[in-house]
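Right, one structure below, let's go through it.
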Amino acid sequence: MEELQNLEGIPKKIYEEISKDAEIKSLLKMSNIMAVKRMGFNDHGKTHAKIVANNAIKMLKILYKNGIKPSFVRDYNGTFEDSLVIVLLSAYLHDIGNAVHRLNHHFHSTYLARPILERILKKYYKNPTPIITETLHAIYSHNEGIMGQTIEAGVVAVADGTDMTEGRSRVPICKGCYDIHSVSAAAIKEVIIKEGTKKPIHIEVILSNEAGIFQIQEILGEKIKWSGIKDYVSVYAKVIKEKPVFEEITL
């Protein structure tokens, strides 16, 4: 979590606060009870929130380094620090709506997040409304089928898709939930995000078997498609053969 550890200024203070916040902790825990325990999906809790936030911040920095201004900087004459706050908060809170239900969780996340954002951001900004609305936009549009309209929302959506390594599927796999989501996630060994040559953001995915192609095409690919930043992202996948995820399955 290098990007989160290296935060400075207001983003650092906010990260320290949300990491300890009792309400946020409860919502992330409840999200996993609903998504993982009850419905058999992959991790949607605190670990996922941190990974997505870390990866989103990394991609935002890569884009900024390559001359692509965040939307809050461009449209509101804000600072890069403001955009970091938007990305951090939206990435960390994007899945809390799973506590209500997986269906339409992106919408549930927005109304659950709003009072939290108001409570936290008023400590750091005289008028936090623009940052609140941009954060809610990024939360709402992280879901496939909703086109992101800001750079900040785009990196959050793509970052959500990058959390697909085998660790995220460990709970469903151990429960014997051998569906395409858990099996394909178990085939992903590593996801590397770095600065590219042809496009600013280059994502490398290392697979242990071909099942992981589902994650790349149907999860990460769809996130990129609807992110609004697809022209800035390239993906490369490589298979390194290892043992199969399971030997046999009976339906």
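Quick note: the sequence shown uses the UniProt record's numbering, first residue 1, plus one each step.
Beta carbons: idealized from backbone N, C-alpha and C, even for Gly.
C-alpha distance - residue i paired with residue j, whole-angstrom precision
{"i": "Asn32", "j": "Asp163", "result": "15 Å"}
{"i": "Tyr15", "j": "Lys238", "result": "34 Å"}
{"i": "Ala56", "j": "Ala159", "result": "5 Å"}
{"i": "Ile18", "j": "Glu218", "result": "31 Å"}
{"i": "Lys58", "j": "Asp82", "result": "15 Å"}
{"i": "Ile70", "j": "Thr47", "result": "A small correction: the amino acid at residue 70 is Pro; Ile does not occupy that position in the sequence shown. Cα-Cα distance, rounded: 26 Å."}
{"i": "residue 311", "j": "Asn209", "result": "This structure cannot settle anything about residue 311, because the visible part of the chain is limited to 1 through 251."}
{"i": "Arg168", "j": "Ser234", "result": "In this prediction, Arg168 scores a pLDDT of 49, lower than 50, which makes its location untrustworthy; no coordinate-derived value is stated."}
{"i": "Pro115", "j": "Lys241", "result": "47 Å"}
{"i": "Val183", "j": "Phe41", "result": "11 Å"}
{"i": "Leu112", "j": "Gly145", "result": "21 Å"}
{"i": "Ala185", "j": "Leu220", "result": "11 Å"}
{"i": "Val87", "j": "Leu7", "result": "12 Å"}
Assigned secondary structure, residue i (DSSP; H/G/I helix, E/B strand, else coil)
{"i": "Ser208", "result": "coil"}
{"i": "Val239", "result": "strand"}
{"i": "Ser234", "result": "strand"}
{"i": "Val191", "result": "strand"}
{"i": "Ile224", "result": "helix"}
{"i": "Ser83", "result": "helix"}
{"i": "His142", "result": "coil"}
{"i": "Ile201", "result": "strand"}
{"i": "Asn55", "result": "helix"}
{"i": "Thr250", "result": "With a pLDDT of only 48 at Thr250, under the threshold of 50, the placement of this residue in the model should not be trusted; the figure read from the coordinates follows. DSSP places Thr250 in coil when its eight states are reduced to three."}
{"i": "Val183", "result": "helix"}
{"i": "Asn77", "result": "coil"}
Rounded distance between the beta-carbons of residue j and residue i, thought under 8 Å
{"i": "Gly118", "j": "Phe72", "result": "According to the sequence displayed, residue 118 carries Glu and not Gly. Going by Cβ atoms, the distance from Glu118 to Phe72 rounds to 18 Å, so no, they are not a contact pair."}
{"i": "Asn98", "j": "Ala35", "result": "5 Å"}
{"i": "Ile224", "j": "Ile62", "result": "About 15 Å separates the two Cβ atoms, so there is no contact after all."}
{"i": "Val205", "j": "Ile188", "result": "6 Å"}
{"i": "Ile203", "j": "Ile193", "result": "6 Å"}
{"i": "Ser227", "j": "Gly148", "result": "5 Å"}
{"i": "Pro11", "j": "Leu84", "result": "5 Å"}
{"i": "Tyr232", "j": "Ile51", "result": "Not really, about 20 Å apart at Cβ, beyond 8 Å."}
{"i": "His137", "j": "Thr150", "result": "6 Å"}
{"i": "Leu60", "j": "Val155", "result": "5 Å"}
Cβ-heavy atom distance, residue i to the ligand NAP, below 7 Å
{"i": "Ile203", "result": "Of the ligands one can find in the structure shown there are none, so the ligand NAP has no counterpart to examine."}
Outcome for residue i when other beta-carbon atoms lying within 10 angstroms are tallied against a minimum of 16
{"i": "Ala157", "result": "buried"}
{"i": "Thr129", "result": "exposed"}
{"i": "Asp95", "result": "buried"}
{"i": "Ala22", "result": "exposed"}
{"i": "Gln215", "result": "buried"}
{"i": "Ser109", "result": "buried"}
{"i": "Gly78", "result": "buried"}
{"i": "Asp43", "result": "buried"}
{"i": "Tyr236", "result": "exposed"}
### Query
In chain order, which alpha helix (DSSP H) runs of at least 4 residues are fully inside the stretch 12-52?
For the stretch 12-52, whole alpha helix (DSSP H) runs of length 4 or above, ordered along the chain, are 22-32.
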